[in-house]
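Engineer: Pasting in a structure now, in structure tokens, and then I'll have a few things to ask.
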Amino acid sequence: MTYKFEFRPLARKFLRSLTTSHGNWDIRESIIIRLIDDAARMGFGEIAPISWFGSETLTQALDFCHQLPQEITAKEIFTIPDDLPACQFGFESALEELATKGNNQCPMPHAQCPMPNAPCPMPHYSALLPAKQGALNAWQNLWEEGYRTFKWKIGVDAIAQELAIFDLLIRSLPDTAKLRLDANGGLNYSEAQLWLENCDKFSEKMEFIEQPLAVAEFAGMLQLSQMYKTAIALDESVATIAQLKAAYQQGWRGIFVIKPAIAGSPSKLRQFCRQYNIDAVFSSVFETAIGRKAALQLAAELSQHNRALGFGTNHWFEQQEDTWLESLW
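Numbering (my numbering), first residue to last: 25 to 353.
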């Protein structure tokens, strides 16, 4: 089948700068694509690259879209090269939406929801807290909204200051809360050890530390994962399907953080996760509702360990997603 293809770039400003060990992030740019079939049905997808995380750049994604004809086939979509993983996700997502048109149900099946009797969807999401001291005043409102798992960025300030804030934060969280720390590869080995030693003191509340070391230091993270009670999750090290496969082949059996919007082909991701039954945490890349719907569908299909999904990010943007899509076309 041949589909009419259209695309539009989109830029959304964060309500506040998102601070990570990679720096400050102020504007989330992506590309919304639309496929139209012979029956005039529309399927939407989103290309939301993060180049510093291992995907293509936004410019590369735009160039790819510009060079495509106005009509494309499914065969062309499934042959998008692996060095354009965000494009693979966006185009396949649009195809899948067309294939399931009319199904507007929540992508998390009731039987798989960790808290099926609670208000949906907040309780099974992990909420991202502001970096530094902002976390101390932010978690309470999110708790009242239903979040029970929180994520806090580290490696963005002096380690002594962050450890002091961490101590205040984790002691203030209720006993039933879970905390994830995300270093974005910003620690060295000795700093990672210090963090893990401190986290082990609060093992009942600590879920894991994401990507404490740089991607090139895989062996160090593998070693650290065997030395402490606090689990380590790979993130930047497994940004794409090729990296997921490589980490598994090198012996990683811990937690994999999967960001579907930049991982690559959804069909290939399904195949990998089902073949190896990995412990996966599905996470956002600050995509729009279009990309989030497709990513959550994958999470619903492939999550095996009932871990909170890393999609508690809506509070970082103005709530106007019901209006911007109409303005694009």
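Glycine included, every Cβ here is placed at the ideal spot set by N, Cα and C.
Remember, predicted model here, so these are calculated numbers, not experimental data.
Please report how far the alpha carbon of R316 lies from the alpha carbon of N338, in whole angstroms.
Structural biologist: 10 Å
Engineer: If F77 sits next to E260, beta carbons under 8 Å apart, how far is it from one beta carbon to the other, in whole angstroms?
Structural biologist: 6 Å
Engineer: Going by alpha carbons, who is nearest to P73 out of A98, E168, A63 and A263?
Structural biologist: With distances taken between Cα atoms, P73 lies closest to A263.
Engineer: Considering only C-alpha positions, which residue in the set T97, E241 and D50 is nearest to M25?
Structural biologist: T97
Engineer: Can you find the residues in the same chain that come closer than 8 Å, C-beta to C-beta, to N208, ignoring five residues on each side of it along the sequence?
Structural biologist: T44, S45, H46, K177, G179, E234, Q235, D259 and E260
Engineer: Relative to the C-alpha of R65, which candidate in L42, R32, A118 and F102 has its C-alpha closest?
Structural biologist: A118
Engineer: Under 8 Å, with one C-beta from each stretch per pair, do the segment 145-165 and the segment 93-110 reach the 3-pair mark?
Structural biologist: no
Engineer: Are there 16 or more other CB atoms within 10 angstroms of the CB of M251, so buried, or fewer, so exposed?
Structural biologist: So M251 ends up on the exposed side.
Engineer: Beta-carbon within less than 6 Å of G210's beta-carbon, same chain only, minus the 5 sequence neighbours each way: which residues are those?
Structural biologist: Here the set comprises S45 and G179.
Engineer: Between which two residues does the beta strand (DSSP E) carrying R52 extend?
Structural biologist: G47 to I60
Engineer: Residues in its own chain within less than 6 Å of N141 by CB, not counting five upstream and five downstream?
Structural biologist: In this prediction, N141 scores a pLDDT of 42, lower than 50, which makes its location untrustworthy; no coordinate-derived value is stated.
Engineer: Report all residues from its chain with a CB closer than 7 Å to the CB of S227; omit the five preceding and five following residues, and keep chain order.
Structural biologist: K253 and T254
Engineer: On the three-state DSSP scale, how would you describe Y252?
Structural biologist: In this structure, DSSP gives Y252 a state outside helix and strand, which the three-state scheme calls coil.
Engineer: Please name the residue, chosen from W276, I279, V309 and W353, that lies closest to I51 on a Cα-to-Cα basis.
Structural biologist: Nearest option by C-alpha distance: V309.
Engineer: Does the separation of the CB atoms of F31 and G69 fall below 7 Å?
Structural biologist: Contact flag unset, no.
Engineer: According to DSSP, simplified to helix, strand and coil, what is M25?
Structural biologist: coil
Engineer: Taking the runs of the alpha helix (DSSP H) that are 4 residues or longer, which of them lie wholly in the segment 187-266?
Structural biologist: 213-224 and 242-248
Engineer: For E311, count neighbouring C-beta atoms within 10 Å of its own C-beta (all shown protein chains included) and say buried if the count is 16 or more, exposed if not.
Structural biologist: buried
Engineer: Tell me the rounded alpha-carbon separation between F280 and Y149.
Structural biologist: Straight through space, the alpha carbons of Y149 and F280 are spaced by roughly 17 Å.
Engineer: For D107, collect the residues of the same chain with a Cβ closer than 8 Å to its Cβ; drop the 5 residues on either side in sequence, then sort them by chain order.
Structural biologist: E80
Engineer: Check for me: the beta strand (DSSP E) holding W176 runs from which residue to which?
Structural biologist: Unbroken beta strand (DSSP E) run through W176: T173 to K177.
Engineer: Output the distance between the C-alpha atoms of R36 and A285, rounded to the nearest integer angstrom.
Structural biologist: 17 Å
Engineer: What does a CB cutoff of less than 7 Å around F296 pick up in its chain, not counting 5 residues either side in sequence?
Structural biologist: Counting only Cβ-Cβ distances below 7 Å, and skipping sequence neighbours, we find I265, L268 and K269.
Engineer: Assign R294 to one of two classes, buried (16 or more other C-beta atoms within 10 Å of its C-beta) or exposed (fewer than that).
Structural biologist: exposed
Engineer: Any idea if L59 is buried or exposed, counting beta-carbon neighbours within 10 angstroms, 16 or more meaning buried?
Structural biologist: When all chains shown are included, L59 counts as buried.
Engineer: From the DSSP output, in three-state form, read off L92 for me.
Structural biologist: coil
Engineer: To the nearest angstrom, how far is the alpha carbon of N165 from that of L153?
Structural biologist: 11 Å
Engineer: If we call anything under 7 Å between Cβ atoms a contact, is L333 one with A323?
Structural biologist: The answer is yes: Cβ separation under 7 Å.
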